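Residue numbers (the numbering used here): 839 to 1030.
Structure first, then comments.
Written out as structure tokens, the structure reads:
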């Protein structure tokens, strides 16, 4: 969690240095869903981050998982002014509807984190470099997964009562952020 808070703080600082005021899109979805907090700007995101740093119950894995996903969303949404296009999200709602349709048919949606060609199952949704063919490539940074997750938490086929359903997560390369995302998703309804 320390690393994720530190990265969030850095991304907010970089956004402020780039004179970023708002976020794309706004308000943030996960802080509102999980904690009832409406966040529409960089300064509000900074206050929310500080509040979660103080208020998160570090003995409660679900609370930590929700906080982690909110921090990933802040990271992803504040960087649009200064992040090179290569590191921006590659997919949007049109592609995400395919995943929801997949779940509607009674099939599980697979999210693969940095497995590359190692992915045993053909992942439907992928984050990382070297995506397999025929997948929804969310982007290279782990934080780009949050764009899909923010969509999924609002979709009845993919979530229920702020927990995900009909989804499986797998990970390849072992990185701190990849592992944080993986274990957060496991605590919030993804099968592993």
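Where is the CB? At the ideal position from N, CA and C, for every residue including glycine.
Treat the numbers as computed from the prediction; the structure is a model and nothing was measured.
Original post:
Tell me the DSSP bridge mates of residue 889?
Top reply: In DSSP, residue 889 forms no bridge with anything.
Subject >> 7 Å Cβ cutoff met for residue 876 and residue 870 >> reply: yes
Subject >> Bridge-paired residues (DSSP) for residue 1005 >> reply: 947
Original post:
Below 7 Å between beta carbons: does that hold for residue 933 and residue 868?
Top reply: no
**OP:** Look at residue 865 and residue 874 and say whether their C-beta atoms are less than 7 Å apart.
**Re:** no
Original post:
Given residue 862, which residues of its chain have a CB within under 8 Å of its CB, disregarding the five upstream and five downstream residues?
Top reply: 915 and 918
Subject >> Terminal residues of the beta strand (DSSP E) in which residue 975 lies >> reply: 974 to 977
Subject >> Neighbourhood of residue 1028 by C-beta distance below 8 Å, restricted to the same chain and skipping five residues each side >> reply: 949, 1002, 1005, 1006 and 1007
Subject >> Three-state class that DSSP yields for residue 998 in the structure shown >> reply: strand
Subject >> Euclidean distance between Cα positions of residue 890 and residue 842 >> reply: 12 Å
Subject >> When 859, 839, 924 and 931 are compared against residue 887, the one with the closest alpha-carbon >> reply: 839
**OP:** To the nearest angstrom, report how far apart residue 923 and residue 977 are at their CA atoms.
**Re:** 10 Å
Original post:
Who are residue 1027's beta bridge partners in DSSP?
Top reply: Answer by DSSP bridge pairing: none, since residue 1027 is not bridged.
Original post:
residue 783 and residue 880 look like a contact to me (Cβ under 8 Å); what is the Cβ gap, rounded to whole Å?
Top reply: Nothing in the structure corresponds to residue 783, since the chain is present only between 839 and 1030.
**OP:** Out of 1026, 850 and 995, state which residue places its alpha-carbon closest to the alpha-carbon of residue 942.
**Re:** 995
Original post:
DSSP three-state call for residue 879: helix, strand or coil?
Top reply: strand
Original post:
Thinking C-beta only, is residue 951 closer than 7 Å to residue 1009?
Top reply: yes
**OP:** Report the rounded CA-to-CA distance for residue 985 versus residue 930, giving the unit in angstroms.
**Re:** 8 Å
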